[in-house]
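S.K.: Dumping the structure here so I can ask a few things about it.
This is how it looks when you write it as structure tokens:
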């Protein structure tokens, strides 16, 4: 688990706590939530603080409760994490996070919208279609294809074809074989 995933575990456990509100919590409670030792909890909290996710003030002395302050909402953090997972093509991990029962409905819906946008066909604006038709030499047959990685591409017609990746926006020209071959 990385720092963001540990933060999300904390936010899910303390989801009733509003963002930018401090609350008291013991290291033992945090170690139960994060499933690690209190020593490791301190390290994780310091990492979360460095990344700007929380503010943490350790309790002074034994048995004193620490103060914890969330700087980032559950929705914002989870949407960012889901987008990161999808960019790294870790779709099953993204689905595992979305399927979590303790997620509020509004957060789950926002995550599903990102997921659907990732897997849906790209929309081609009419102005783009007209521009491609004017630039194409010879016959024009635009085609949407899917690569092995699941990325959709728009292929323009003519003697040479330009494949435009809708994820990266990069294009490359590929020489087309003649139909007689």
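Numbering (the working numbering), first residue to last: 186 to 366.
Beta carbons are placed, not taken as given, at the ideal position from N, Cα and C, and that holds for glycine.
1) Below 7 Å CB to CB, which residues in the same chain sit around residue 196 once its five sequence neighbours on both sides are set aside?
2) If you measure between the beta carbons of residue 278 and residue 270, is that distance less than 7 Å?
3) Please report how far the alpha carbon of residue 232 lies from the alpha carbon of residue 226, in whole angstroms.
4) Flag this pair as yes or no: are the beta carbons of residue 264 and residue 290 separated by less than 7 Å?
5) How would you write the range of the beta strand (DSSP E) that residue 277 sits in, first residue to last?
6) Just to confirm the assignment: which complete alpha helix (DSSP H) runs, minimum length 4, are found wholly within the segment 199 to 225?
7) Is the CB-CB distance between residue 267 and residue 239 below 7 Å?
8) Assign residue 192 to one of two classes, buried (16 or more other C-beta atoms within 10 Å of its C-beta) or exposed (fewer than that).
9) Once you ignore the five residues that flank residue 257 on each side, which residues in its own chain have a CB closer than 6 Å to its CB?
10) To the nearest angstrom, how far is the alpha carbon of residue 353 from that of residue 243?
11) What's the C-alpha gap between residue 215 and residue 304?
12) Alpha carbons only, please: which of 202, 251, 280 is nearest the one belonging to residue 301?
M.R.: In short:
1) If you number the chain shown from 1, residue 196 lands on position 11. Correct list, in chain order: 255, 259, 262.
2) The residue you call residue 278 lines up with position 93 of the chain shown. The residue you call residue 270 lines up with position 85 of the chain shown. Yes, Cβ-Cβ distance for residue 278 and residue 270 is below 7 Å.
3) Numbered from 1 along the chain shown, position 47 holds the residue referred to as residue 232. Numbered from 1 along the chain shown, position 41 holds the residue referred to as residue 226. Near 10 Å, if we compare the C-alpha coordinates of residue 226 and residue 232.
4) What you label residue 264 is simply residue 79 of the chain shown in a count that begins at 1. What you label residue 290 is simply residue 105 of the chain shown in a count that begins at 1. Going by C-beta atoms, residue 264 is not nearer than 7 Å to residue 290.
5) Taking the chain shown and counting its residues from 1, the one referred to as residue 277 is at position 92. Looking at the DSSP string, residue 277 is not in any beta strand (DSSP E); the run it does join, the alpha helix (DSSP H), is 276 to 283.
6) 212 to 219
7) For this step, residue 267 is matched to residue 82 along the chain shown. For this step, residue 239 is matched to residue 54 along the chain shown. Taking 7 Å as the Cβ cut-off, residue 267 and residue 239 do not qualify as a contacting pair.
8) Counting from one through the chain shown, the residue named residue 192 turns up at place 7. Answer is buried; the Cβ neighbour count reaches 16.
9) The residue given as residue 257 occupies position 72 in the chain shown. Same-chain partners within the cutoff: 238.
10) As a working mapping, residue 353 is identified with position 168 in the chain shown. As a working mapping, residue 243 is identified with position 58 in the chain shown. For residue 353, the predicted model reports a pLDDT of 49, less than 50, meaning its position is unreliable and no value from the coordinates is stated.
11) Position 30 of the chain shown, counting from 1, holds the residue named residue 215. Position 119 of the chain shown, counting from 1, holds the residue named residue 304. Going by the C-alpha atoms only, they are around 37 Å apart.
12) For this step, residue 301 is matched to residue 116 along the chain shown. Out of 202, 251, 280, 280 has the C-alpha closest to the C-alpha of residue 301.
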